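Residue numbers (this note's numbering): 354 to 568.
Here a beta-carbon is modelled for each residue, glycine too, at the ideal position from N, C-alpha and C.
Predicted, not measured: the structure shown is a model, and the values here were computed from it.
Notes follow the structure.
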């Protein structure tokens with residue numbers, strides 16, 4: 354079902370809102386069926402899962418793990434998973450963005466760690482330490498570690514991971530979803546050159562965000 358254009362997390366919302374709309378319409382209740390139908394359309398749009406294929410097959414590139422806008426690019430020490438000085442690129446997902454997250458590279462899932470936390474606004478400082486989050490550590494085919502962090506926000510109250518430790522992953526393959534908007538961070542070795550800039554719009558599974566060995 355991964356190729357189906359609606360993420361499975363949306364099935365319940367879509368079905369219930371459609372049934373509710375039909376029942377209200379049959380009961381001839383004014384206004385409310387219209388509101389219910391609008392919510393049904395919103396759910397169809399929000400949980401869309403378009404097919405995405407990497408446009409660049411180069412194994413030395415990383416593609417965006419999320420749709421949205423680049424809000425921060427920072428060099429920092431990542432001492433827990435990568436255990437090295439790395440680049441962190443943060444992507445803010447608005448309600449209008451596709452919320453299915455995708456693998457930035459081909460490789461093996463080494464760790465999946467979920468941590469409970471708060472639900473502060475996704476663009477607030479330090480939410481990567483305070484908010485509920487899910488860490489996905491990937492070792493690529495060059496034996497480099499790439500870390501994707503799904504971070505819950507004010508509206509996003511549910512993070513779902515599609516992957517487990519020890520499974521192989523293809524570049525651009527869905528790895529999870531964050532329901533109702535938030536942020537995704539990706540950490541990678543500093544010898545990768547950034548191919549996007551602040552405020553760039555990126556698409557999961559399509560946009561090349563970094564490339565190894567570019568001078």
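*Can you grab the Cα-Cα spacing for the pair residue 451 / residue 383, in whole Å?*
32 Å
_Opposing strand residues paired with residue 452 [DSSP bridges]_ = Note: residue 452 sits in no beta bridge, so no partner.
*Leaving out the 5 sequence neighbours to the left and right, which residues in its chain are closer than 8 Å to residue 403 when beta-carbon positions are compared?*
358 and 451
*Of the choices 505, 497, 532 and 405, whose alpha-carbon is the least far from that of residue 413?*
497
*Beta-carbon contacts of residue 467 that lie in its chain and below 6 Å, excluding the five residues immediately before and after*: 487
*Scan the region 406 to 469 and note each continuous beta strand (DSSP E) run of 3 residues or more that stays entirely inside, going in chain order.*
414 to 416, 421 to 431, 437 to 446, 453 to 455 and 460 to 468
*Distance, Cα to Cα, residue 392 vs residue 370?*
7 Å
*Rounded C-beta distance between residue 545 and residue 500? I'm assuming under 8 Å.*
Not quite, the Cβ-Cβ distance comes to about 13 Å (not below 8 Å), so this is no contact.
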